[in-house]
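Okay, structure first, notes after.
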Amino acid sequence: MLKKWRLISLFTILTLVLAGCGEPFLSTLKPAGEVADQQYFLMILSTLIMVVVVIVVSFIFIFVIVKYRRSRLGEDHMPKQIEGNRNLEILWTVIPIILLLVLVVPVVAQTFSQADTKPMDKKNRDPEKTLVVNVRANLYWWEFEYPDYGVVTSQELVVPTDERVYFKLKASDVKHSFWVPSAGGKMDTNTDNDNKFFLTFDSKKAEQAGEYFYGKCAELCGPSHALMDFKVKALSKAEFKQWMKNMENEKAKPKTDLAVEGEKVFKEKNCLSCHATDSKDQRAEAARTAPNLATFGERSKIAGVKDFNDENLRAWLKDPESIKPGNKMTGTYPALNDKELDALTEYLKGLKTQD
(Lines of atoms letter the chains of each structure in order from A and count residues from 1; the text may use other names and numbers.)
(Lines give C-alpha, C1' and ligand atoms only; values in the text may rest on other atoms or scores of the structure.)
Protein backbone atom coordinates (compact mmCIF):
# COMPACT_ATOMS: atom_id res chain seq x y z
CA MET A 1 0.00 0.00 0.00
CA LEU A 2 2.86 2.35 0.89
CA LYS A 3 4.50 1.68 -2.48
CA LYS A 4 1.29 2.63 -4.28
CA TRP A 5 1.08 5.92 -2.42
CA ARG A 6 4.72 6.61 -3.26
CA LEU A 7 4.00 6.04 -6.95
CA ILE A 8 0.90 8.23 -6.80
CA SER A 9 2.90 10.99 -5.09
CA LEU A 10 5.68 10.66 -7.66
CA PHE A 11 3.31 10.90 -10.63
CA THR A 12 1.49 13.84 -9.03
CA ILE A 13 4.75 15.76 -8.60
CA LEU A 14 5.84 14.81 -12.12
CA THR A 15 2.54 16.06 -13.54
CA LEU A 16 2.91 19.40 -11.77
CA VAL A 17 6.51 19.77 -12.97
CA LEU A 18 5.69 18.89 -16.61
CA ALA A 19 2.73 21.28 -16.55
CA GLY A 20 5.25 24.09 -16.36
CA CYS A 21 7.20 22.92 -19.41
CA GLY A 22 6.78 24.18 -22.96
CA GLU A 23 7.34 27.27 -25.06
CA PRO A 24 6.64 30.65 -23.40
CA PHE A 25 3.93 31.80 -25.81
CA LEU A 26 2.05 28.53 -26.28
CA SER A 27 -0.41 29.39 -23.53
CA THR A 28 -3.55 31.47 -23.17
CA LEU A 29 -2.13 32.62 -19.83
CA LYS A 30 0.48 34.69 -21.67
CA PRO A 31 -1.67 37.00 -23.81
CA ALA A 32 0.06 38.74 -26.69
CA GLY A 33 -2.63 40.90 -28.26
CA GLU A 34 -5.91 42.79 -27.92
CA VAL A 35 -8.22 39.76 -28.20
CA ALA A 36 -6.04 37.62 -25.94
CA ASP A 37 -5.92 40.38 -23.31
CA GLN A 38 -9.72 40.63 -23.24
CA GLN A 39 -10.15 36.87 -22.98
CA TYR A 40 -7.50 36.67 -20.27
CA PHE A 41 -9.38 39.33 -18.27
CA LEU A 42 -12.58 37.26 -18.53
CA MET A 43 -10.75 34.14 -17.36
CA ILE A 44 -9.35 35.98 -14.34
CA LEU A 45 -12.73 37.58 -13.56
CA SER A 46 -14.65 34.29 -13.72
CA THR A 47 -11.98 32.53 -11.66
CA LEU A 48 -12.11 35.22 -8.96
CA ILE A 49 -15.91 34.99 -8.79
CA MET A 50 -15.74 31.21 -8.42
CA VAL A 51 -13.02 31.45 -5.76
CA VAL A 52 -15.04 33.98 -3.74
CA VAL A 53 -18.15 31.77 -3.94
CA VAL A 54 -16.19 28.66 -2.88
CA ILE A 55 -14.59 30.51 0.05
CA VAL A 56 -17.91 31.94 1.31
CA VAL A 57 -19.77 28.64 0.95
CA SER A 58 -16.92 26.71 2.59
CA PHE A 59 -16.82 29.17 5.49
CA ILE A 60 -20.57 28.88 6.08
CA PHE A 61 -20.37 25.08 5.80
CA ILE A 62 -17.55 24.81 8.35
CA PHE A 63 -19.18 27.39 10.65
CA VAL A 64 -22.45 25.46 10.74
CA ILE A 65 -20.71 22.12 11.34
CA VAL A 66 -18.67 23.53 14.23
CA LYS A 67 -21.41 25.62 15.89
CA TYR A 68 -24.17 23.05 15.66
CA ARG A 69 -22.18 19.87 16.21
CA ARG A 70 -24.02 17.23 18.21
CA SER A 71 -21.29 16.81 20.81
CA ARG A 72 -21.63 20.49 21.76
CA LEU A 73 -25.39 20.96 21.81
CA GLY A 74 -26.58 17.50 22.71
CA GLU A 75 -28.66 14.81 21.04
CA ASP A 76 -32.04 16.50 21.46
CA HIS A 77 -31.13 20.08 20.45
CA MET A 78 -33.01 21.45 17.45
CA PRO A 79 -31.48 24.59 15.88
CA LYS A 80 -33.75 27.48 14.99
CA GLN A 81 -35.43 26.83 11.64
CA ILE A 82 -35.11 29.53 8.97
CA GLU A 83 -37.34 28.06 6.27
CA GLY A 84 -39.40 30.81 4.68
CA ASN A 85 -37.17 33.62 6.05
CA ARG A 86 -37.88 36.41 3.58
CA ASN A 87 -34.64 38.32 4.14
CA LEU A 88 -32.48 35.26 3.63
CA GLU A 89 -34.47 34.18 0.56
CA ILE A 90 -33.92 37.63 -0.97
CA LEU A 91 -30.22 37.59 -0.02
CA TRP A 92 -29.31 34.27 -1.61
CA THR A 93 -31.35 35.11 -4.70
CA VAL A 94 -29.94 38.61 -5.24
CA ILE A 95 -26.27 37.75 -4.65
CA PRO A 96 -26.07 35.12 -7.48
CA ILE A 97 -27.87 37.54 -9.81
CA ILE A 98 -25.31 40.25 -9.03
CA LEU A 99 -22.41 37.84 -9.56
CA LEU A 100 -23.87 36.72 -12.89
CA LEU A 101 -24.31 40.32 -14.03
CA VAL A 102 -20.70 41.11 -13.09
CA LEU A 103 -19.62 38.28 -15.38
CA VAL A 104 -22.26 38.47 -18.12
CA VAL A 105 -21.96 42.19 -18.93
CA PRO A 106 -18.26 42.15 -19.95
CA VAL A 107 -18.66 38.76 -21.65
CA VAL A 108 -21.52 39.96 -23.86
CA ALA A 109 -19.82 43.30 -24.56
CA GLN A 110 -16.55 41.67 -25.60
CA THR A 111 -18.32 38.97 -27.62
CA PHE A 112 -20.02 41.60 -29.77
CA SER A 113 -16.81 43.63 -29.99
CA GLN A 114 -14.74 40.65 -31.16
CA ALA A 115 -17.43 39.65 -33.67
CA ASP A 116 -17.18 42.98 -35.50
CA THR A 117 -15.59 42.08 -38.85
CA LYS A 118 -17.32 44.74 -40.96
CA PRO A 119 -14.06 46.39 -42.10
CA MET A 120 -13.02 43.22 -43.97
CA ASP A 121 -16.30 43.16 -45.93
CA LYS A 122 -15.81 46.58 -47.51
CA LYS A 123 -15.40 46.38 -51.30
CA ASN A 124 -12.76 49.08 -51.65
CA ARG A 125 -10.84 48.46 -48.46
CA ASP A 126 -7.26 49.62 -48.10
CA PRO A 127 -5.09 46.51 -47.46
CA GLU A 128 -2.56 48.62 -45.57
CA LYS A 129 -5.26 49.57 -43.07
CA THR A 130 -7.39 46.41 -43.17
CA LEU A 131 -5.32 43.30 -43.79
CA VAL A 132 -7.36 40.22 -44.69
CA VAL A 133 -5.96 36.68 -44.69
CA ASN A 134 -7.90 33.74 -46.11
CA VAL A 135 -7.00 30.66 -44.07
CA ARG A 136 -7.68 27.24 -45.55
CA ALA A 137 -7.17 24.16 -43.36
CA ASN A 138 -6.24 20.85 -44.95
CA LEU A 139 -5.14 17.39 -43.83
CA TYR A 140 -2.56 18.24 -42.29
CA TRP A 141 -1.33 21.64 -43.38
CA TRP A 142 -2.40 25.27 -43.54
CA GLU A 143 -2.68 27.68 -46.46
CA PHE A 144 -2.61 31.46 -46.04
CA GLU A 145 -3.80 33.69 -48.87
CA TYR A 146 -3.53 37.50 -48.92
CA PRO A 147 -6.33 38.25 -51.42
CA ASP A 148 -5.64 41.99 -51.73
CA TYR A 149 -2.05 41.26 -52.74
CA GLY A 150 -2.63 38.06 -54.71
CA VAL A 151 -0.08 36.21 -52.58
CA VAL A 152 -0.38 32.64 -51.33
CA THR A 153 1.86 30.89 -48.81
CA SER A 154 1.65 27.87 -46.52
CA GLN A 155 2.56 26.68 -43.05
CA GLU A 156 4.00 30.00 -41.83
CA LEU A 157 1.63 32.92 -41.38
CA VAL A 158 3.21 36.38 -41.60
CA VAL A 159 1.37 39.33 -40.04
CA PRO A 160 2.10 42.92 -39.02
CA THR A 161 2.14 43.83 -35.33
CA ASP A 162 -0.04 46.32 -33.43
CA GLU A 163 -2.98 46.24 -35.82
CA ARG A 164 -6.02 44.08 -36.40
CA VAL A 165 -5.56 41.23 -38.86
CA TYR A 166 -8.85 39.85 -40.20
CA PHE A 167 -9.18 36.16 -40.98
CA LYS A 168 -11.64 34.28 -43.18
CA LEU A 169 -11.51 30.59 -42.28
CA LYS A 170 -12.48 27.54 -44.30
CA ALA A 171 -11.65 23.82 -44.40
CA SER A 172 -11.14 21.84 -47.60
CA ASP A 173 -11.79 18.34 -46.24
CA VAL A 174 -12.91 17.88 -42.60
CA LYS A 175 -13.53 20.22 -39.69
CA HIS A 176 -10.38 21.79 -38.25
CA SER A 177 -9.87 24.67 -35.82
CA PHE A 178 -7.52 27.64 -36.15
CA TRP A 179 -5.84 28.55 -32.86
CA VAL A 180 -2.95 30.80 -31.88
CA PRO A 181 -3.14 30.39 -28.07
CA SER A 182 -1.23 33.55 -27.16
CA ALA A 183 -3.22 35.72 -29.60
CA GLY A 184 -6.81 34.62 -28.97
CA GLY A 185 -9.35 31.84 -28.73
CA LYS A 186 -9.80 29.18 -31.38
CA MET A 187 -12.21 29.40 -34.30
CA ASP A 188 -13.50 26.39 -36.25
CA THR A 189 -12.89 25.97 -39.97
CA ASN A 190 -15.81 24.30 -41.76
CA THR A 191 -16.22 22.91 -45.25
CA ASP A 192 -19.65 24.46 -45.88
CA ASN A 193 -19.28 28.02 -44.59
CA ASP A 194 -16.71 30.72 -43.80
CA ASN A 195 -15.98 31.89 -40.28
CA LYS A 196 -14.55 35.35 -39.69
CA PHE A 197 -12.72 36.99 -36.83
CA PHE A 198 -9.71 39.16 -36.09
CA LEU A 199 -6.57 39.00 -33.97
CA THR A 200 -3.83 41.44 -33.02
CA PHE A 201 -0.19 40.74 -32.22
CA ASP A 202 1.57 43.00 -29.74
CA SER A 203 5.02 44.13 -30.94
CA LYS A 204 6.63 43.96 -27.48
CA LYS A 205 5.29 40.46 -26.88
CA ALA A 206 6.47 39.45 -30.35
CA GLU A 207 10.01 40.46 -29.42
CA GLN A 208 9.77 38.38 -26.25
CA ALA A 209 8.39 35.41 -28.17
CA GLY A 210 11.40 35.34 -30.48
CA GLU A 211 11.13 34.08 -34.04
CA TYR A 212 7.44 33.25 -34.03
CA PHE A 213 4.24 32.45 -32.16
CA TYR A 214 2.80 28.95 -32.26
CA GLY A 215 -0.42 27.93 -33.97
CA LYS A 216 -2.32 24.67 -33.61
CA CYS A 217 -5.29 22.78 -34.96
CA ALA A 218 -7.66 22.54 -32.00
CA GLU A 219 -10.18 20.09 -33.50
CA LEU A 220 -9.51 16.34 -33.68
CA CYS A 221 -9.21 15.76 -37.42
CA GLY A 222 -7.30 12.52 -37.95
CA PRO A 223 -4.19 10.50 -37.05
CA SER A 224 -1.83 13.48 -37.44
CA HIS A 225 -4.04 16.03 -35.69
CA ALA A 226 -1.38 16.60 -33.01
CA LEU A 227 1.16 17.39 -35.76
CA MET A 228 -0.97 19.95 -37.59
CA ASP A 229 1.02 22.96 -36.43
CA PHE A 230 1.84 26.28 -38.01
CA LYS A 231 4.02 29.23 -37.09
CA VAL A 232 3.14 32.94 -36.95
CA LYS A 233 5.81 35.50 -37.76
CA ALA A 234 4.79 38.89 -36.36
CA LEU A 235 6.74 41.66 -38.09
CA SER A 236 6.76 45.42 -37.74
CA LYS A 237 4.73 47.35 -40.31
CA ALA A 238 7.85 48.22 -42.31
CA GLU A 239 9.17 44.65 -42.20
CA PHE A 240 5.79 43.29 -43.29
CA LYS A 241 5.70 45.68 -46.26
CA GLN A 242 9.16 44.52 -47.29
CA TRP A 243 8.16 40.87 -46.90
CA MET A 244 5.07 41.41 -49.05
CA LYS A 245 7.14 43.21 -51.66
CA ASN A 246 9.54 40.25 -51.76
CA MET A 247 6.61 37.86 -52.12
CA GLU A 248 5.07 39.86 -54.95
CA ASN A 249 8.40 39.87 -56.83
CA GLU A 250 9.41 36.34 -55.87
CA LYS A 251 11.13 34.42 -58.68
CA ALA A 252 13.29 31.72 -57.16
CA LYS A 253 15.68 30.03 -59.59
CA PRO A 254 18.07 27.11 -59.01
CA LYS A 255 21.54 28.44 -58.21
CA THR A 256 23.61 25.25 -58.38
CA ASP A 257 23.88 22.37 -60.83
CA LEU A 258 22.45 20.01 -58.20
CA ALA A 259 19.47 22.34 -57.70
CA VAL A 260 18.88 22.37 -61.47
CA GLU A 261 18.78 18.58 -61.37
CA GLY A 262 16.38 18.84 -58.46
CA GLU A 263 14.06 21.07 -60.46
CA LYS A 264 13.98 18.43 -63.21
CA VAL A 265 13.15 15.74 -60.66
CA PHE A 266 10.40 17.99 -59.27
CA LYS A 267 8.83 18.27 -62.71
CA GLU A 268 9.44 14.68 -63.82
CA LYS A 269 7.85 13.27 -60.68
CA ASN A 270 4.80 15.44 -61.39
CA CYS A 271 5.10 17.38 -58.12
CA LEU A 272 3.71 20.45 -59.90
CA SER A 273 0.33 18.75 -60.19
CA CYS A 274 -0.14 19.39 -56.45
CA HIS A 275 2.48 21.94 -55.37
CA ALA A 276 3.00 25.47 -56.63
CA THR A 277 6.41 27.13 -56.39
CA ASP A 278 5.08 30.59 -57.19
CA SER A 279 3.76 32.84 -54.42
CA LYS A 280 1.43 34.47 -56.98
CA ASP A 281 -0.46 31.20 -57.35
CA GLN A 282 -3.35 31.89 -59.72
CA ARG A 283 -4.95 28.46 -59.48
CA ALA A 284 -8.48 28.22 -58.13
CA GLU A 285 -8.71 27.50 -54.42
CA ALA A 286 -10.02 23.98 -55.01
CA ALA A 287 -7.01 23.18 -57.21
CA ARG A 288 -4.52 23.89 -54.41
CA THR A 289 -4.24 20.38 -53.10
CA ALA A 290 -0.82 20.70 -51.42
CA PRO A 291 1.22 23.41 -49.66
CA ASN A 292 2.63 26.27 -51.71
CA LEU A 293 6.43 25.91 -51.74
CA ALA A 294 7.42 29.43 -52.82
CA THR A 295 9.13 30.17 -49.50
CA PHE A 296 9.97 26.61 -48.53
CA GLY A 297 13.67 27.38 -48.07
CA GLU A 298 12.86 30.06 -45.49
CA ARG A 299 10.72 27.88 -43.25
CA SER A 300 11.82 26.91 -39.78
CA LYS A 301 10.18 23.47 -39.86
CA ILE A 302 9.83 20.50 -42.20
CA ALA A 303 6.21 19.33 -42.48
CA GLY A 304 5.43 21.83 -39.74
CA VAL A 305 7.01 19.71 -36.99
CA LYS A 306 10.63 18.75 -37.81
CA ASP A 307 13.60 21.12 -37.58
CA PHE A 308 14.66 22.39 -41.00
CA ASN A 309 17.81 20.53 -42.05
CA ASP A 310 18.94 18.23 -44.86
CA GLU A 311 18.45 15.07 -42.83
CA ASN A 312 14.83 15.80 -41.93
CA LEU A 313 14.01 17.03 -45.43
CA ARG A 314 15.39 13.83 -46.98
CA ALA A 315 13.47 11.74 -44.43
CA TRP A 316 10.25 13.57 -45.30
CA LEU A 317 10.73 13.15 -49.05
CA LYS A 318 11.65 9.49 -48.68
CA ASP A 319 8.87 8.43 -46.32
CA PRO A 320 6.34 11.16 -45.37
CA GLU A 321 4.08 8.60 -43.71
CA SER A 322 6.68 7.94 -40.99
CA ILE A 323 6.62 11.63 -40.02
CA LYS A 324 2.96 12.54 -40.54
CA PRO A 325 0.67 9.49 -40.66
CA GLY A 326 -2.35 9.85 -42.92
CA ASN A 327 -0.99 12.76 -44.96
CA LYS A 328 -2.08 13.06 -48.59
CA MET A 329 1.49 13.10 -49.92
CA THR A 330 2.05 9.45 -49.04
CA GLY A 331 2.00 7.23 -52.12
CA THR A 332 1.34 10.07 -54.60
CA TYR A 333 4.76 9.87 -56.29
CA PRO A 334 7.23 7.07 -57.12
CA ALA A 335 10.03 6.16 -54.73
CA LEU A 336 13.12 8.36 -54.99
CA ASN A 337 16.68 7.05 -55.16
CA ASP A 338 19.52 8.68 -53.22
CA LYS A 339 20.64 10.81 -56.16
CA GLU A 340 17.14 12.15 -56.71
CA LEU A 341 16.71 12.81 -52.98
CA ASP A 342 19.93 14.85 -52.89
CA ALA A 343 18.93 16.88 -55.94
CA LEU A 344 15.37 17.51 -54.78
CA THR A 345 16.61 18.49 -51.32
CA GLU A 346 18.99 21.04 -52.84
CA TYR A 347 16.25 22.46 -55.07
CA LEU A 348 13.68 22.85 -52.30
CA LYS A 349 16.19 24.57 -50.00
CA GLY A 350 16.69 27.22 -52.66
CA LEU A 351 13.02 28.21 -52.88
CA LYS A 352 13.30 31.61 -51.21
CA THR A 353 12.11 35.15 -51.81
CA GLN A 354 15.59 36.50 -51.18
CA ASP A 355 19.15 35.24 -50.85
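In this note's numbering, the protein residues as written are 66 to 420. For each residue, glycine too, the CB sits at the ideal point set by N, CA and C.
Grouping DSSP H, G and I as helix and E and B as strand, with all else coil, what is residue i?
{"i": "T397", "result": "coil"}
{"i": "A408", "result": "helix"}
{"i": "D403", "result": "helix"}
{"i": "E221", "result": "strand"}
{"i": "R379", "result": "helix"}
{"i": "D227", "result": "coil"}
{"i": "I78", "result": "helix"}
{"i": "D322", "result": "helix"}
{"i": "G391", "result": "coil"}
{"i": "L94", "result": "coil"}
{"i": "L358", "result": "coil"}
{"i": "G327", "result": "helix"}
{"i": "L72", "result": "helix"}
{"i": "S344", "result": "coil"}
{"i": "C339", "result": "coil"}
{"i": "L416", "result": "coil"}
{"i": "K332", "result": "helix"}
Name the residue from the options whose alpha carbon lies nearest to the alpha carbon of residue i.
{"i": "W206", "options": "P390, G396, G415", "result": "P390"}
{"i": "A349", "options": "F124, G250, F76, R201", "result": "R201"}
{"i": "N335", "options": "E284, K318, K345, G396", "result": "G396"}
{"i": "D226", "options": "L234, F305, P171", "result": "Checking the sequence shown, residue 226 turns out to be Thr, not Asp. Checked all of L234, F305, P171; the closest Cα to T226 is F305."}
{"i": "E315", "options": "A283, T182, N357", "result": "N357"}
{"i": "K383", "options": "L156, H290, L409", "result": "L409"}
{"i": "P96", "options": "D267, Q307, N402", "result": "D267"}
{"i": "I100", "options": "A355, V370, Y231", "result": "The sequence given here has Val at residue 100, not Ile. It is Y231 whose Cα lies nearest to the Cα of V100."}
{"i": "F40", "options": "Q104, L406, P246", "result": "Nothing about residue 40 can be read from this structure; the chain reaches only from 66 to 420."}
{"i": "L401", "options": "V216, I114, P192, W381", "result": "W381"}
{"i": "A291", "options": "D346, G139, A368", "result": "A368"}
{"i": "K414", "options": "I155, T176, K320", "result": "K320"}
{"i": "K261", "options": "R229, M309, F124, V370", "result": "R229"}
{"i": "D213", "options": "N203, S219, P192", "result": "P192"}
{"i": "L234", "options": "A274, Q273, M185, R379", "result": "M185"}
{"i": "G98", "options": "V131, Q179, V122", "result": "Q179"}
{"i": "V370", "options": "A359, S387, A355", "result": "S387"}
{"i": "T182", "options": "D259, C339, D322", "result": "D259"}
{"i": "S301", "options": "Q175, G149, V223, T195", "result": "V223"}
{"i": "C286", "options": "I109, Q307, D238", "result": "D238"}
{"i": "N392", "options": "S289, A303, F177", "result": "S289"}
{"i": "P399", "options": "Q175, D141, F331, M309", "result": "F331"}
{"i": "Q273", "options": "I109, L91, G149", "result": "L91"}
{"i": "E284", "options": "N203, M309, C339, T342", "result": "N203"}
{"i": "A236", "options": "T256, V217, S219", "result": "T256"}
{"i": "I114", "options": "A174, L416, P161", "result": "P161"}
{"i": "E362", "options": "K187, T176, L416", "result": "Note on identity: in this sequence residue 362 is Gly, with Glu being the wrong assignment. The candidate whose alpha carbon is nearest that of G362 is L416."}
{"i": "A341", "options": "L406, A303, L75, V217", "result": "V217"}
{"i": "T93", "options": "L156, I130, K281", "result": "K281"}
{"i": "I130", "options": "K187, P144, V119, L72", "result": "P144"}
{"i": "D196", "options": "N150, T265, Q347, T176", "result": "Before going on, a small fix: residue 196 reads as Leu here, not Asp. Nearest of N150, T265, Q347, T176 to L196, Cα basis: T265."}
Could you name the residues that DSSP lists as bridge partners for residue i?
{"i": "A352", "result": "Its beta-bridge partners do not exist; DSSP assigns none."}
{"i": "L234", "result": "V200, N260"}
{"i": "D372", "result": "K366"}
{"i": "H241", "result": "T254"}
Do residue i and residue j have their C-beta atoms closer together than 8 Å?
{"i": "E210", "j": "V198", "result": "yes"}
{"i": "E221", "j": "R353", "result": "no"}
{"i": "L107", "j": "V172", "result": "yes"}
{"i": "T254", "j": "K270", "result": "no"}
{"i": "Y412", "j": "E328", "result": "yes"}
{"i": "F263", "j": "M252", "result": "no"}
{"i": "Y277", "j": "K298", "result": "yes"}
{"i": "G215", "j": "Q104", "result": "no"}
{"i": "S344", "j": "A359", "result": "yes"}
{"i": "L110", "j": "L168", "result": "yes"}
{"i": "M312", "j": "T418", "result": "yes"}
{"i": "L153", "j": "I147", "result": "yes"}
{"i": "D407", "j": "L323", "result": "yes"}
{"i": "D375", "j": "K366", "result": "no"}
Return yes when the C-beta of residue i is under 7 Å from any heavy atom of the ligand HEM, and no when it is not.
{"i": "V159", "result": "The model depicted lacks the ligand HEM and carries no ligand whatsoever."}
- Message: My parser needs the beta strand (DSSP E) runs of 3 or more residues fully inside the region 135 to 216; what are they?
- Response: 196 to 203, 206 to 211
- Please go through the region 243 to 316 and give each complete alpha helix (DSSP H) segment of 4 or more residues, from N-terminal end onward. 268 to 274, 302 to 313
- Along the chain, which unbroken stretches of the alpha helix (DSSP H) at least 4 residues long are found entirely within the region 101 to 138? 135 to 138
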